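Have a look at the structure below before the remarks.
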Amino acid sequence: DAGVIQSPRHEVTEMGQEVTLRCKPISGHNSLFWYRQTMMRGLELLIYFNNNVPIDDSGMPEDRFSAKMPNASFSTLKIQPSEPRDSAVYFCASSLTIRGHYGYTFGSGTRLTVV
Amino acid sequence: KQEVTQIPAALSVPEGENLVLNCSFTDSAIYNLQWFRQDPGKGLTSLLLIQSSQREQTSGRLNASLDKSSGRSTLYIAASQPGDSATYLCAVNRPGTYKYIFGTGTRLKVLA
Chain A
27 DAGVIQSPRH EVTEMGQEVT LRCKPISGHN SLFWYRQTMM RGLELLIYFN
77 NNVPIDDSGM PEDRFSAKMP NASFSTLKIQ PSEPRDSAVY FCASSLTIRG
127 HYGYTFGSGT RLTVV
Chain B
3 KQEVTQIPAA LSVPEGENLV LNCSFTDSAI YNLQWFRQDP GKGLTSLLLI
53 QSSQREQTSG RLNASLDKSS GRSTLYIAAS QPGDSATYLC AVNRPGTYKY
103 IFGTGTRLKV LA
């Protein structure tokens, strides 16, 4: 298995532009998570999906952020419009939840820089 | 509100030393505790997962213990090697939730 695959690895964009981050979870995993990591705040959960349905989006900073999971093998996190304070590393993680054993596998992350 | 603290924030040791990383959490009602490793510019790799009913888990030179009542976990690394240099994070979740709360990590450097 290739693991959790994220693209792009790096993204540099100008303030106000739309940014789309992509994630392919491990085949067979039924939960997907988007995290953001910054020096100041560490790792923060933005949203998680279970069986393609958003369960908890309370960590999404504001309306500029949206996430979708149209099928079990693909998810996107979109920021529109982007702002410099959105600069961070965005991680996607997936897990197979059986009787509550929520172990994660993380992707390599997307480093976003908004200038 | 669950808070996870890791001390020390950074640690430098000579190769071959046995070392202990600490993780403490404020709410003892946890379901799982995971230890992760993060290399610079990379994602997180899960090292060990301890379920709330367990006291410890071992993998190779790594041993993680859990004391729920005191809100603490330790990660023991035996015979440290330069390849162990990385940031180590612990994370906990509550029963019935998928959401892990992460500590801020301990940055470990093992000197050759």
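Taken in sequence, the protein lines are chains A and B.
Going by our numbering, the first residue of the first sequence is number 27, and it counts up by one from there.
Going by our numbering, the first residue of the second sequence is number 3, and it counts up by one from there.
Built from N, CA and C at the ideal position, the CB exists for glycine as well.
In this text, all values refer to a predicted model and were calculated from it rather than measured experimentally.
Proximal residues of chain B, C-beta to C-beta of residue i below 8 Å
i, result
"A:I81", "Y100"
"A:G129", "N34, Q36, S48, L51"
"A:T123", "Y100"
Beta-carbon contacts of residue i that lie in its chain and below 7 Å, excluding the five residues immediately before and after
i, result
"B:E19", "S82"
"B:A88", "R39, Q40, D41, L110"
"A:G129", "S121"
"B:D29", "Q4"
"B:I124", "Residue 124 of chain B lies beyond the range of chain B shown here (3 to 114); nothing can be said about it."
Neighbouring residues, chain A, relative to residue i (Cβ below 7 Å)
i, result
"B:F104", "G68, L69"
"B:Q59", "Within chain A, no residue comes near B:Q59; the closest Cβ sits about 11 Å away, beyond 7 Å."
"B:G45", "F117, F132, G133, S134, G135"
Cβ-based neighbour list, residue i, same chain, cut-off 6 Å, excluding 5 preceding and 5 following
i, result
"B:P97", "Y33"
"B:L35", "I52, L68, S75, V94"
Per DSSP, the bridge partner or partners of residue i
i, result
"A:G68", "A:T64"
"B:D69", "B:R74"
"B:A7", "Before going further, note that residue 7 of chain B is Thr rather than Ala in the sequence given. BP columns for B:T7 point to B:S26."
"A:S57", "A:N76, A:S121"
"A:T15", "Nothing about residue 15 of chain A can be read from this structure; chain A reaches only from 27 to 141."
"A:S143", "A question about residue 143 of chain A goes unanswered here, because the residues of chain A that appear run from 27 up to 141."
Same chain only: Cβ atoms within 8 Å of residue i, ignoring 5 sequence neighbours per side
i, result
"B:L113", "S14, V15, P16, E17, P84"
"A:T123", "N56, S57, N76"
"B:A31", "R96, P97"
"B:Q56", "L68"
"B:Q59", "L50, L51, I52, N65, A66"
Where residue i falls: helix, strand or coil (DSSP)
i, result
"B:P16", "strand"
"B:P84", "helix"
"A:R90", "coil"
"A:D83", "coil"
"A:P110", "helix"
"B:T106", "coil"
"A:M41", "coil"
"B:Y90", "strand"
"B:T99", "coil"
Chain-ordered neighbours of residue i on chain A, where CB pairs are closer than 9 Å
i, result
"B:Q56", "Result: empty, since nearest Cβ-Cβ is about 12 Å, beyond 9 Å."
Where residue i meets chain B, residues with beta-carbon distance less than 9 Å
i, result
"A:V77", "Note on identity: in this sequence residue 77 of chain A is Asn, with Val being the wrong assignment. None at all; the shortest Cβ gap to chain B is about 12 Å."
Neighbour list for residue i in chain B, Cβ cutoff strictly below 7 Å
i, result
"A:T139", "By Cβ distance, chain B contributes nothing, its closest Cβ being about 14 Å from A:T139, past 7 Å."
"A:S57", "Y100"
Are there three or more Cβ pairs, one per stretch, closer than 8 Å when the region 38-58 of chain A is compared with the region 100-109 of chain A? yes
Flag this pair as touching only if the region 47-67 of chain A and the region 91-107 of chain A have three or more C-beta atom pairs under 8 Å; answer yes or no. yes
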